[in-house]
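The numbers in UniProt numbering rise by one with no breaks, and the one at position 168 of the sequence shown is 168. For glycine and all other residues, C-beta sits at the position ideal for the given N, C-alpha and C. Following: one structure in structure tokens, then a few remarks.
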Amino acid sequence: MALSSSPKGVVITVPVLVLSVSVAAVFLFFLLSSLSSCSCPSSSSSSPKTSVPSDGGVGGAASGGGGSMPLSTKKEDMEWVKDQIRANGLHMRDNVLRKGINPRTRAQQLEDLRQFKGISHYEGPESENHTALPCPGELLVEEHHSNYGEPWAGGRDVFEFLAESTQLKPDSNVLEIGCGTLRVGMHFIRYLNPEHFNCLERDELSLMAVFRYELPSQGLLHKRPLIVKGEDMDFTKFGSGTQYDLIYASAVFLHMPDKLVWSGLERLANRLKPYDGRIFVSHNIKFCSRLGGDECTKRLMNLGLEYLGKHTHDSLLFNHYEIWFEFRRSKA
Numbered sequence: 001m002a003l004s005s006s007p008k009g010v011v012i013t014v015p016v017l018v019l020s021v022s023v024a025a026v027f028l029f030f031l032l033s034s035l036s037s038c039s040c041p042s043s044s045s046s047s048p049k050t051s052v053p054s055d056g057g058v059g060g061a062a063s064g065g066g067g068s069m070p071l072s073t074k075k076e077d078m079e080w081v082k083d084q085i086r087a088n089g090l091h092m093r094d095n096v097l098r099k100g101i102n103p104r105t106r107a108q109q110l111e112d113l114r115q116f117k118g119i120s121h122y123e124g125p126e127s128e129n130h131t132a133l134p135c136p137g138e139l140l141v142e143e144h145h146s147n148y149g150e151p152w153a154g155g156r157d158v159f160e161f162l163a164e165s166t167q168l169k170p171d172s173n174v175l176e177i178g179c180g181t182l183r184v185g186m187h188f189i190r191y192l193n194p195e196h197f198n199c200l201e202r203d204e205l206s207l208m209a210v211f212r213y214e215l216p217s218q219g220l221l222h223k224r225p226l227i228v229k230g231e232d233m234d235f236t237k238f239g240s241g242t243q244y245d246l247i248y249a250s251a252v253f254l255h256m257p258d259k260l261v262w263s264g265l266e267r268l269a270n271r272l273k274p275y276d277g278r279i280f281v282s283h284n285i286k287f288c289s290r291l292g293g294d295e296c297t298k299r300l301m302n303l304g305l306e307y308l309g310k311h312t313h314d315s316l317l318f319n320h321y322e323i324w325f326e327f328r329r330s331k332a
């Protein structure tokens, strides 16, 4: 039996037609099977959802980062690092550097720097040296880390205590009186937005260490801190428009005559944010206690300041603690 499909007499036999239909059915079966097992995402999940990270600590996110930066070390952080120490079998005992790790003292390193004119250098006249920011050898071996505070690492403790105590935010304004070589200040500079850290420092060598070593080596030049040389508590170079969330002096007022400290407080009182701003002074406040309690309170009140109390800060991180005295601006 045959079927005529056109006037021209093309003939398709029944067996051929049946075979064609069978082949088409088998092809369709495999096609549907492959589609049903496809692991392609559906239209509802074609674009992944993005979640906003929650605040990892008091003070919000630090500038320039994709996540959030907590102000201080937490107890869970300490538990984690202790677990890592135990897992690696590390112990508190005298350790000897293995051969191959630089065993030289700072003095020996400095002698090598002077003898060989640096780790790597150009031969010939100094004018051919391509270093844009020459750095004294004393700074390269970090001798200045022995000039301020004990231990140098305690600067992190001071930052954590002050930042938590004042609920510091990246857009807060901070003034340090006598920042030295940035033992504490570098942590504030790193956390704060650009141009939000100010410091008054009198020592020229310390300022050299700040600008020629610490800021470049810590990658903090882009933060543009305003650090100026000045004496006698003269803050005129900072302008008059900034109000500070935090003003602190770490072991600085110890070395100043009482009269100069009071002059400084008078100049700073109106620069502190009313009520929420804080002044912290470390170690002691003999400039105040030598007057007697009532007289000191009266003088503070005349400046618009109020003494809030004494704090002993114990470090979670290092063998380090400090005593701090807290003040605030009591009226606008």
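Residue T297 holds the alpha-carbon nearest to the alpha-carbon of L305 among F211, F253 and T297.
Fully enclosed beta strand (DSSP E) runs of no fewer than 3 residues occupy 197 to 201, 226 to 229 and 246 to 249 of the UniProt domain "Methyltransferase type 12" (175 to 278), in order along the chain. Positions of the beta strand (DSSP E) runs, each at least 3 residues long and wholly inside the stretch 130 to 171, cannot be given because no such run exists.
Taking M186 as reference, the option from S165, E164, T166 and E160 with the minimal CA-CA separation is E160.
F211 sits exposed, since fewer than 16 C-beta atoms from the chains shown fall within 10 Å of its C-beta. Looking at the DSSP output, K82 shares a beta bridge with no other residue. E306 has R328 as its beta-bridge partners, per DSSP. The C-alpha of E195 lies about 10 Å from the C-alpha of D171. If you ignore the 5 residues before and after R183, its C-beta comes within less than 7 Å of the C-beta of Y148, G149, W152 and G155, all in its own chain and listed in chain order. At least 8 Å separates the beta-carbon of T181 from that of H222.
Rounded to whole angstroms, P274 and M233 show a C-alpha spacing of 21 Å. In the DSSP assignment, the residues bridged to E322 are H313. Within its own chain, the residues whose Cβ lies closer than 6 Å to the Cβ of E322, once the five positions on either side in sequence are excluded, are S282 and H313, listed in chain order.
The three-state secondary structure of S289, taken from DSSP, is helix. Taken atom to atom, the span from the alpha-carbon of L110 to that of S217 is near 18 Å.
When the Cα atoms are used, Q167 and I279 turn out to be separated by approximately 13 Å. Taking the Cα positions, G89 is about 43 Å away from G309. Your pair D157 and L317 checks out as a contact, with CB atoms roughly 6 Å apart and the cut at 8 Å.
The shortest C-alpha to C-alpha distance from G239 to any of R114, V141, L268 and S330 is the one to L268. Residue nearest to N173 within the set C179, M208, S165 and F188 is F188 (criterion: CA-CA distance). In this structure, L260 is the residue among S250, R224 and L260 with its C-alpha nearest to the C-alpha of F235.
Within 10 angstroms of the beta-carbon of W324 lie 16 or more other beta-carbons, which makes it buried.
Short of 7 Å from the beta carbon of L215, and not among the five residues preceding or following it, lie these beta carbons of its own chain, in chain order: L221. The residue from C179, N302, R329 and E204 with its alpha-carbon nearest to that of Y248 is C179.
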